[in-house]
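Engineer: For the sequence shown, our numbering gives the first residue as 94, with consecutive numbering after it.
Backbone N, C-alpha and C define an ideal beta-carbon position, used for all residues, glycine too.
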Amino acid sequence: MDILSATFIGSFPEHKLAPGDGLPEFAFIGRSNVGKSSLINMLVERKGLAHTSNVPGKTQHLNFYQINEEWYLVDLPGYGYARVPKKLRQKWQGMIRSYLLERPALVCVFVLIDSNIPPQANDLNFINWLGEHGVPFIVIFTKTDRK
94 MDILSATFIG SFPEHKLAPG DGLPEFAFIG RSNVGKSSLI NMLVERKGLA
144 HTSNVPGKTQ HLNFYQINEE WYLVDLPGYG YARVPKKLRQ KWQGMIRSYL
194 LERPALVCVF VLIDSNIPPQ ANDLNFINWL GEHGVPFIVI FTKTDRK
C-alpha cells in the first residue's frame, strides 16, 4: 500500500475525545524511546510529522494520524521509564488500557521492541496482557540498523 497522505488529526487525553468516524485504527506502543514516532515518520516519509525526542515520556496523549483519508495510525505513550511523576504515568496506563479495551475501530496493536537488548519484563508483561484480553497484536523490532 502506498501512503499518499498523512495528516496529524490531534492529540487526545482520552479515547472518547478522539475521532469516532469508524475508520480502522492501528496503534503503536512500546517502551519509552523505542522508536514509535520515528517509525511513523519513516512509514509516511515525512520527517517531523510525529514529534520525536530523546527525553522519555514525550508522547503523553493518544496522537492520531489519518492515512490516505482511510485509516488512522495512533501513537500511544510509551510504557516503562519516563521523566514524569508516578501519578502521571499511572494516568497514562489508564488511558492506554481504556483505549485498547474499549475502542471499537482498533484493528491491531503494533508492539515495538528494541532489537539491541533482550525483551524487557515490561515488554513481556504487556504482550501477555494483550493476549489475555484478546487484543490483536504484532511485534515489531526497532533499531535494527544499530549494533
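Once DSSP output is grouped into helix, strand and coil, what is the label at Gln213?
Structural biologist: coil
Engineer: Once you ignore the five residues that flank Ser191 on each side, which residues in its own chain have a CB closer than 8 Å to its CB?
Structural biologist: Glu107, His108
Engineer: What first and last residue would you give for the beta strand (DSSP E) that runs through Val200?
Structural biologist: First-last of the beta strand (DSSP E) with Val200: 199–207.
Engineer: Report yes if the CB atom of Val232 is closer than 8 Å to the CB atom of Ile206, and no otherwise.
Structural biologist: yes
Engineer: Answer with buried or exposed for Asp216, where buried requires no fewer than 16 other C-beta atoms within 10 angstroms of its C-beta.
Structural biologist: buried
Engineer: Ends of the beta strand (DSSP E) at Leu166?
Structural biologist: 164–168
Engineer: Based on DSSP bridge pairs, tell me the residues matched to Asn156.
Structural biologist: Ser104, Asp168
Engineer: Going by the CB atoms, is the gap between Ile122 and Val200 shorter than 8 Å?
Structural biologist: no
Engineer: Leaving out five residues on either side along the sequence, give the residues of the same chain with a beta carbon under 6 Å from the beta carbon of Lys180.
Structural biologist: Taking Lys180 as the centre and dropping the five residues before and after it, the same chain places no C-beta closer than 6 Å to its C-beta.
Engineer: Is the stretch 129–136 close to the stretch 154–171, with three or more CB pairs under 8 Å?
Structural biologist: yes
Engineer: What residues are listed by DSSP as bridge partners for Ile122?
Structural biologist: Val204
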